[in-house]
Amino acid sequence: MKQLSEQQIIDNWNKLIKLIDDTFVDTDDNERHTKLREMYDYFEDRMSVAPASGKAAYHN
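Under the working numbering, think of the first position of the sequence shown as 3, with each following residue one higher.
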């Protein structure tokens, strides 16, 4: 499994947040940007450090 430095994890997270901010815009009838940011802010710790799967075979 590839090991990332703390700075690489932070940089990757910031890229994801920037992508969300640049791609989605709230409108009067659609709050997609706000909802996505709330979800990603809530799961930030888990998503940035947890592996994609708990099964080692998936990380080959």
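Beta carbons are placed, not taken as given, at the ideal position from N, Cα and C, and that holds for glycine.
- In the DSSP assignment, Thr-25 falls within the alpha helix (DSSP H) that extends over 8-25.
- As the crow flies, the alpha-carbon of Leu-6 is around 25 Å from that of Asp-24.
- Looking at the backbone, the Cα of Glu-46 and that of Phe-26 are separated by about 18 Å.
- Within the DSSP secondary-structure output, Thr-29 pairs in a beta bridge with Asn-32.
- Its Cα nearest to that of Lys-17, the residue Tyr-42 stands out among Arg-48, Tyr-42 and Ala-52.
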